[in-house]
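In the order they appear, the protein sequences are chains Z and P.
FYI, in the UniProt record's numbering the residues of the first sequence are 1 to 213.
FYI, in the UniProt record's numbering the residues of the second sequence are 1 to 213.
There are 2 protein chains.
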Amino acid sequence: MPTSRSYWDSCGIARALDVVGERWALLIVRELLLTPQRFSELRQALPNVSSNVLADRLRELENRGVIRHGPADAEGPKVYELTEWGRKLEPIVRALGTWGIDAPQPPEPAALSASSVLIYLEDAARPDPTAPPTVCRLELGGRVWTVRLADGRLQVQAGETTTADASLRAEPKTLSTLLADPSALEKKCDDGSITVVGDLSAIRRLLYAGSGR
Amino acid sequence: MPTSRSYWDSCGIARALDVVGERWALLIVRELLLTPQRFSELRQALPNVSSNVLADRLRELENRGVIRHGPADAEGPKVYELTEWGRKLEPIVRALGTWGIDAPQPPEPAALSASSVLIYLEDAARPDPTAPPTVCRLELGGRVWTVRLADGRLQVQAGETTTADASLRAEPKTLSTLLADPSALEKKCDDGSITVVGDLSAIRRLLYAGSGR
DNA sequence: CCGCATCCGTCGGGATACTG
DNA sequence: CAGTATCCCGACGGATGCGG
Chain Z
1 MPTSRSYWDS CGIARALDVV GERWALLIVR ELLLTPQRFS ELRQALPNVS
51 SNVLADRLRE LENRGVIRHG PADAEGPKVY ELTEWGRKLE PIVRALGTWG
101 IDAPQPPEPA ALSASSVLIY LEDAARPDPT APPTVCRLEL GGRVWTVRLA
151 DGRLQVQAGE TTTADASLRA EPKTLSTLLA DPSALEKKCD DGSITVVGDL
201 SAIRRLLYAG SGR
Chain P
1 MPTSRSYWDS CGIARALDVV GERWALLIVR ELLLTPQRFS ELRQALPNVS
51 SNVLADRLRE LENRGVIRHG PADAEGPKVY ELTEWGRKLE PIVRALGTWG
101 IDAPQPPEPA ALSASSVLIY LEDAARPDPT APPTVCRLEL GGRVWTVRLA
151 DGRLQVQAGE TTTADASLRA EPKTLSTLLA DPSALEKKCD DGSITVVGDL
201 SAIRRLLYAG SGR
């Protein structure tokens, strides 16, 4: 059964927290920022939330108008996705993530979902505006993503693209490590922890952009 | 004893929530946005948090570097105040409040602190840029505040000012009601639920600015 | 297998009383 | 005034069940 407690405070901040302040709620929103996801995908992205709590939160967030539950497109599997109101949380959640960079790392073992790394990548990226436009295909956490570098911006999209300069397959944590130290790219290629197809320098541009140059 | 659970997730968002995601934490931050406050003032502003939980949260937030506990200035009473890092939450908390405006109001009885109304006032205010600069003194929740209207902006400061066009004493909820319907100003004056001294039209400008014109 | 529901143990949080 | 001590309940977390 969903949580029903409230702060009993008419302040907008308190009312916002009545909606998305319960445990795991904002992490679910984080997961849905880039793409709708299924229950099992959310479980994989948030391995530390128990299934009953996840079900509770999803129901709550749906009842309160933050997310929606239904087939995104014709007769696909049922996915959870943000409503228009829920999407307005995006800049807030991203800002919270930027703020949290300065918070201490949790001790191992720590989870790291594909969405987390990609959101970080978008927000931290400072691509060279003079560099050539680049499109990379990413295989991350069992899904395919498209990353576009152009006009001094980095954008992530869920799904395949028709034309990519290169493709990279990695674990989210490995990609995170590479963003902290892009110079380790070749080594990671050699030891097989990542797989690169196509123009390696495109991947290199992505990593250096995502590391803030 | 403070909470020690974690999301065990290296994502910045999760780490931020490890710090300020526990219940009441962000409402404490809200209370400290405008001015440092003492324990008893926080209790009054957050009447629904029990003293032990408040003490726990304050200790946690202090340990994690969000707030500081000490005499703000020479030998005053001990107050809680935001650290530099904690202050970086300000735009996030304000944005959350703006988002929460569209969330349902909690059933009565609902609390409403002076800080809450004043933060809302600052964020919702759209003062007429052509109107004359105005300074109002506010007595709200047992404290004195200074509100300045100038250059199409509204700014709130804690404490007295030397020169004010008018002074208004009210309960936070009453002020909130007036911001929703500024035309009720005279009535509230008459029935004694507020007290105005000085230029009534200055208060009127404040209310209309705070109501988004 | 996916999408939950149920059961149960634990712990965070709420209310009250009390202390330096 | 500024918290602490205590008790209790509900939210949370883990495991398992179970229908589609």
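Idealized CB from N, CA, C, for every residue including glycine.
Rounded to whole angstroms, the separation of the alpha carbons of Thr163(P) and Arg94(P) is 29 Å.
Using a Cβ-Cβ distance cut-off of 8 Å, the region 3–11 of chain Z and the region 79–93 of chain P are not in contact, since fewer than three pairs of beta carbons, one from each stretch, lie closer than that value.
Where Leu207(P) is concerned, there is no enclosing beta strand (DSSP E), although the alpha helix (DSSP H) around it starts and stops at Leu200 to Gly210.
Counted as a single uninterrupted DSSP element, the alpha helix (DSSP H) harbouring Tyr120(Z) occupies residues Ala114 to Ala124. In this structure, Leu121(P) lies near Leu179(P), with their beta-carbon atoms less than 8 Å apart. Taking CB atoms only, Val156(P) has no neighbour in chain Z less than 8 Å away. The residues Gly210 and Gly212, in chain order, have a CB closer than 7 Å to that of Ala124(Z) in the same chain once the five nearest residues on each side in sequence are set aside.
In the three-state scheme derived from DSSP, where H, G and I count as helix and E and B as strand, Ile194(P) is classed as coil. Residue pairing by DSSP places Asp9(Z) opposite Ala111(P) in a beta bridge. Put simply, the CB of Ala103(P) is near chain Z, with a gap under 8 Å to one of its CB atoms.
Ser51(Z) carries a helical assignment under DSSP once its states are collapsed to helix, strand and coil. Ranked by Cα distance from Gly152(P), the first of Ala131(P), Val144(P) and Arg137(P) is Ala131(P). Within the same chain, and ignoring the five residues on either side of Gln157(P) in sequence, the residues whose Cβ sits closer than 7 Å to its Cβ are Trp145 and Thr146. Look at the region 6–19 of chain Z: the residues with a C-beta under 9 Å from a C-beta of chain P are Ser6, Tyr7, Trp8, Asp9, Ser10, Cys11, Gly12, Ile13, Ala14, Arg15, Ala16, Leu17, Asp18 and Val19. According to DSSP, Gly70(P) shares a beta bridge with Val79(P). In this structure, the alpha-carbon of Thr98(Z) lies about 23 Å from that of Arg15(Z).
Residue-level contact check: Trp145(Z) does not touch chain P, since none of the beta carbons of chain P fall below 8 Å from its beta carbon. Excluding sequence positions up to five before and after Arg57(Z), its CB lies within less than 7 Å of the CB of Glu22, Trp24, Ala25 and Ile28, all in the same chain and listed in chain order. Proximity of Asn63(P) to chain Z, defined by a Cβ-Cβ separation below 8 Å, is not satisfied. Straight across, the Cα-Cα distance linking Asn52(P) with Glu60(Z) is about 28 Å. The beta-carbon of Leu96(Z) is placed less than 8 Å from the nearest beta-carbon of chain P. About 7 Å separates the beta carbons of Leu200(P) and Ala166(P), which is inside the 8 Å limit, making them a contact pair. Counting the other CB atoms within 10 Å of its CB gives Gln155(Z) a total below 16, which places it among the exposed residues.
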